[in-house]
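Before any comments, here is the structure.
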Amino acid sequence: MPTLDFKSRVEAPARDVFDWHARPGAFERLVPPWMDVRLQRRDGIRNGQKAVMSVGLGPVRKRWVARHEGYEDGRQFRDVQEEGPFEAWAHTHRFEPLGAEGENGEAGAASVLHDHIAYEVPLGGLGRIVAGGTVRSQIEHQFAYRHRITRQDLALHQRYAESGRLTVAISGASGLVGRSLQALLTSGGHAVRPMVRHRDQARASDAAMYWNHREGAIDAEALEGVDAVVHLAGENIFAPRWSASKKERIYASRAQGTRLIADTLASLDDPPEVFVSASAIGYYGDRGAEKLTEESAPGDGGFLTAVCREWETATRPAAQAGIRTVNARFGIVLSPAGGALQLMRPAFLSGLGGTVGDKEQYLPWVALDDVLGALHRALMRSSLEGPINVTGPAPATMQDFTDTLARVMRRPSVFHVPKRVVSTAMGDAADEFLLTSARVLPRRLSDDGYDFLYPTLEGALRHQLGRTMAPLVGEARGLADATSADQAGARAEREGVHAHGGDGALRTHQHADKRRGARRGIRLFSK
13 MPTLDFKSRV
23 EAPARDVFDW
33 HARPGAFERL
43 VPPWMDVRLQ
53 RRDGIRNGQK
63 AVMSVGLGPV
73 RKRWVARHEG
83 YEDGRQFRDV
93 QEEGPFEAWA
103 HTHRFEPLGA
113 EGENGEAGAA
123 SVLHDHIAYE
133 VPLGGLGRIV
143 AGGTVRSQIE
153 HQFAYRHRIT
163 RQDLALHQRY
173 AESGRLTVAI
183 SGASGLVGRS
193 LQALLTSGGH
203 AVRPMVRHRD
213 QARASDAAMY
223 WNHREGAIDA
233 EALEGVDAVV
243 HLAGENIFAP
253 RWSASKKERI
263 YASRAQGTRL
273 IADTLASLDD
283 PPEVFVSASA
293 IGYYGDRGAE
303 KLTEESAPGD
313 GGFLTAVCRE
323 WETATRPAAQ
333 AGIRTVNARF
343 GIVLSPAGGA
353 LQLMRPAFLS
363 GLGGTVGDKE
373 QYLPWVALDD
383 VLGALHRALM
393 RSSLEGPINV
403 TGPAPATMQD
413 FTDTLARVMR
423 RPSVFHVPKR
433 VVSTAMGDAA
443 DEFLLTSARV
453 LPRRLSDDGY
463 DFLYPTLEGA
473 LRHQLGRTMA
483 PLVGEARGLA
493 DATSADQAGA
503 RAEREGVHAH
513 GGDGALRTHQ
523 HADKRRGARR
533 GIRLFSK
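Using my numbering, you'd call the opening residue of the sequence shown number 13 and step up by one each time.
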């Protein structure tokens, strides 16, 4: 049976890493965004408890049931497939202390995250010949992603450990950003209370609370005493064309919905400390190559500019009541699980990708991980207030964006759809958000000391699309090599470059792919 071992140094005690894996939200944080995996039930990680998932395999879905065993508190647990896509699967999670104990016997401040996988593909020898190499490569990329996320999230939670654990109400918790933020917070030990728009949902959950801007209804009593409110709900702007009713829903869901929440928070006897409300870079309108910061004036006219202005104005009752209020102006959030990248990915995979509209227009992208980091920082730091641009520090032109995406996906980018064609086909929807240029910079986040996890477009895309192996340590490397590989990988990701080196350092993606291909060939002939 094939086996794989992955090790990474984590700058956190083994106990903390174990506890993170045991909490709600950890599973969702560890599922790579390019995979279609839905958690249906998770009892826990103790012996006999189970996790039930639904896995998308092309056009079909497969049920995956994993039973937990081998539980050692603070050190280990194992999940074994009872039903699922593999012939056999056993995944042992190990959390190993690293370094000497402290004076009082406490564990060292660092640990080793060790994942051991034993698996068998279906159809025996034939399956190994046909799909063995591909499956192995997919697992390697998945666990590279998992180790990056584990290290990132633990570092984030440790940074604010002394701030205590919050109770956070989130509207739009079922959306791309909301789902990810909820998982980030709960895996860090915070409590999340989703704000839902159906009474049945609210009644079915002890944590959920009801609100509905169309009815002007909100459960004010349930908001009493929460530490923070994050308002992310809003009508999806992606549509082939905007009808009058669609534009009305876009406006009402933002301006009216935000006003309802802000008015309610201002009226509470025990209001939250902070109110973080979504906004968007549509606030700035179409500005060409002009560098835009939070101090820049709003755009001149335009539907989305007007919506964003009203959206932010609607938060004023909360601010006037003394609640620290943050308007998070989101750029183009990069994730294959939703948004623009999800829409673009199929075209590029099929070799039909290319530029749309003006090749020199600026796209203010931001990795989903940095959206979460910015929101978390807004919750935790009193220094952030008012508008903040939640965008990457290096906005790209349309040409640069598509060239980079094509390079990461190893596909051509030769097609171009002229601006007039897009505008004719999509009308206002294209003119308002698809064909506008906004060179937006995150000055306030940078001035506040926020350190972007993915400051370069290539690094962000490789991480989100599973096109990087950093940091990943295979079974043939020792812990010393693991540490140096991790450090090289971190530098490579942050700088948008690919470090060179032998087995003890992160390899170039090109060399890594050639070596994996060679290993697959050896396995095919040796089995």
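The C-beta atom is built at its ideal place from N, Cα and C for all residues, glycine as well.
In the three-state reduction of the DSSP assignment, Val147 falls in the helix class, which pools H, G and I. Note on geometry: alpha-carbon atoms of Ile335 and Ala102 lie some 49 Å from one another. With a cutoff of 8 Å on beta-carbon distance, Ser20 and His159 are scored as near each other. Three or more beta-carbon pairs drawn from the segment 167-179 and the segment 377-395 are found closer than 8 Å, and the two stretches are therefore classed as touching. Take Gln373, set aside five residues on each side of it, and the residues of its chain with a beta-carbon closer than 6 Å to its own are Met410 and Ser449, in chain order.
Looking from the CA of Gly398, the closest CA among Val286, Glu94 and Gly297 belongs to Val286. In chain order, Leu453 and Arg455 place their CB closer than 6 Å to the CB of Thr305, counting only its own chain and leaving out the 5 sequence neighbours on each side.
Look at the segment 284-353 and you find these whole runs of alpha helix (DSSP H), each 4 residues long or longer: 315-325 and 328-332.
Between the segment 76-86 and the segment 59-67 there are three or more inter-stretch CB-CB distances shorter than 8 Å, so the stretches are counted as touching.
Between the beta-carbon of Arg341 and that of Asn401 there is about 5 Å, and that keeps the pair under the 8 Å contact cut. Within the same chain, Glu236 and Gly237 come within 8 Å of Asp282 by CB-CB distance, once the 5 residues on both sides are set aside. Of Asp382, Met481 and Leu417, the smallest CA-CA separation from Tyr466 is found for Asp382. Inter-residue distance for Arg474 and Leu178 is about 32 Å (C-alpha atoms, whole angstroms). Minimum Cα-Cα distance from Arg106 among the listed residues Val142, Trp32 and Gln150 corresponds to Trp32. Here the segment 260-273 makes no contact with the segment 412-427; the two share fewer than three CB pairs at distances below 8 Å.
The DSSP assignment places complete beta strand (DSSP E) segments of no fewer than 3 residues inside the segment 27-79 at 49-54 and 62-69, in order along the chain. Taken through DSSP and simplified to helix, strand or coil, Ile262 comes out as helix. Runs of the beta strand (DSSP E) lying entirely within the segment 375-444, each at least 3 residues long, are 377-379, 398-402 and 427-429 in chain order. Looking at the DSSP output, Lys19 bridges to His126. For Arg106, the enclosing beta strand (DSSP E) starts and ends at Ala100 to Leu110. Secondary structure note for Glu233: its alpha helix (DSSP H) is the uninterrupted segment Ala232 to Leu235.
Per DSSP, Glu470 is one residue of the alpha helix (DSSP H) stretching across Leu469 to Leu477. Two segments are said to touch when three or more pairs of C-beta atoms, one from each, lie closer than 8 Å; by this definition the segment 187-198 touches the segment 28-47. If you look at Arg177, you'll find it isn't in any alpha helix (DSSP H); DSSP assigns it neither H nor E.
The three-state reading of DSSP puts Ile182 in strand, counting E and B together. In the three-state scheme derived from DSSP, where H, G and I count as helix and E and B as strand, Phe89 is classed as strand. According to the DSSP assignment, Arg205 belongs to the beta strand (DSSP E) that extends over Ala203 to Val208. Arg191 has its alpha-carbon roughly 20 Å from the corresponding atom of Arg211. Non-local beta-carbon contacts of Pro97 in its own chain, meaning distances under 7 Å to residues more than five positions away in sequence, involve Val67, Leu69, Lys74 and Trp76 in chain order.
The Cβ-Cβ distance between Leu168 and Val22 does not fall below 8 Å. As a beta-bridge residue in DSSP terms, Ala229 pairs with Asn224. Contact between Gly294 and Leu280 does not hold, since their C-beta atoms are separated by about 30 Å, which reaches or exceeds 8 Å.
Shown here, Glu247 sits in coil according to DSSP, grouped into three states, outside any helix or strand. Its Cα nearest to that of Pro14, the residue Gly139 stands out among Ala26, Gln88 and Gly139.
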